[in-house]
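Novice: For the sequence shown, the numbering used here gives the first residue as 586, with consecutive numbering after it. Before anything else, here's the structure in question.
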Amino acid sequence: MKKFLIVGLGNIGDTYTNTRHNIGFKILDEVAEEHNVTFETDKLGDITNFRFKGKTFILLKPSTFMNLSGKAVKYWMDKEKIALENILIVTDDVNIDFGTIRLKAKGSAGGHNGLKDIQEKLNTQQYARFRFGVGGNYSKGRQVDFVLGTWNKEETSQLIERLPISAKAITSFGIAGLSNTMNTFNGK
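What follows is the structure, encoded as structure tokens:
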């Protein structure tokens with residue numbers, strides 16, 4: 586039985602619920618809803634799991650705040666004995682057009698503090714990431730305000746279509762593997 590740890594990055598609290606930076610949480614909520622499971626608060630985060638086509642998917646929304654996500658990832662990876670190649674980190678990316686999906690096998694943190702912390706705690710860049718484009722429509726020096734800002738009307742209406750596609754990409758990661766999932770979903 587293969588197990589996969591899918592980690593959606595975000596910040597806890599009502600203040601952050603509908604912000605661009607919390608797309609990782611939002612995508613995991615969509616996956617959980619599609620598989621009729623609910624999150625429960627446990628050590629370092631909200632967690633749930635489901636079985637699909639013989640695989641176990643463990644969904645984690647860290648409660649450590651974005652910049653300390655690595656602690657929760659490392660804890661649950663060790664606790665559940667999940668191989669590094671079976672981890673997928675779901676995060677926002679301001680360098681990708683809104684709604685575009687980009688999966689990668691490895692890479693730098695690209696200035697993302699959540700990814701930086703995961704890299705430090707795991708002591709490697711060799712983990713899969715799912716980057717959801719939030720666009721870069723902000724003026725110089727306003728990136729923090731932009732990612733911590735709420736979705737506009739147009740983005741909100743497009744999320745209705747983008748979230749189910751993102752959820753399918755996540756189950757594909759466990760069922761079809763990273764390479765096939767990249768071929769199917771990257772740029773979509």
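Yeah, the Cβ is synthetic: ideal placement off N, Cα and C, and Gly gets one too. Because the structure is a prediction, the values reported are computed rather than measured.
(1) Whole-angstrom Cβ separation of Ile560 and Lys773, contact assumed at under 8 Å?
(2) In the structure shown, what three-state DSSP assignment does Phe650 receive?
(3) Apart from the five residues on each side of it in sequence, which residues of its chain come closer than 7 Å, Cβ to Cβ, to Gln704?
(4) Does the Cβ of Lys611 have 16 or more other Cβ atoms within 10 Å, making it buried, or fewer, making it exposed?
(5) Work out the CA separation of Ser654 and Leu645 for me, nearest whole Å.
(6) Once you ignore the five residues that flank Ala617 on each side, which residues in its own chain have a CB closer than 7 Å to its CB?
(7) Measuring CB to CB, does Phe683 end up less than 8 Å from Gly718?
(8) Since I believe Phe589 is in contact with Thr641 (beta carbons under 8 Å), could you give me their beta-carbon distance rounded to a whole number of angstroms?
(9) Would you report the Cα separation of Arg608 and Gly593, rounded to the nearest angstrom?
(10) Sorted by chain position, which residues of the same chain lie with C-beta nearer than 7 Å to Leu613's C-beta, five sequence neighbours on each side aside?
(11) Kindly indicate which three-state DSSP category Arg636 falls into: helix, strand or coil?
Specialist: Let me lay it out:
(1) Any answer about residue 560 is impossible in this case: the structure gives the chain only from 586 up to 773.
(2) In the structure shown, Phe650 sits in coil (DSSP, three-state: anything other than H, G, I, E or B).
(3) Within the same chain, Gln704 has close Cβ partners Ala694 and Gln710.
(4) The residue is buried, with at least 16 neighbouring Cβ atoms inside 10 Å.
(5) If you take the alpha carbons of Leu645 and Ser654, they lie about 10 Å apart.
(6) The answer, listed in chain order, is Thr623, Phe624, Thr633 and Leu644.
(7) Contact check for Phe683 against Gly718 passes: the beta carbons are separated by less than 8 Å.
(8) Confirmed, Cβ separation roughly 7 Å.
(9) The question names Arg, but residue 608 is Ile in the sequence shown. C-alpha of Ile608 to C-alpha of Gly593: approximately 8 Å in a straight line.
(10) Closer than 7 Å at Cβ, skipping near neighbours: Ile591, Gly593, Leu644, Lys646 and Val675.
(11) Arg636: strand per DSSP, three-state reduction.
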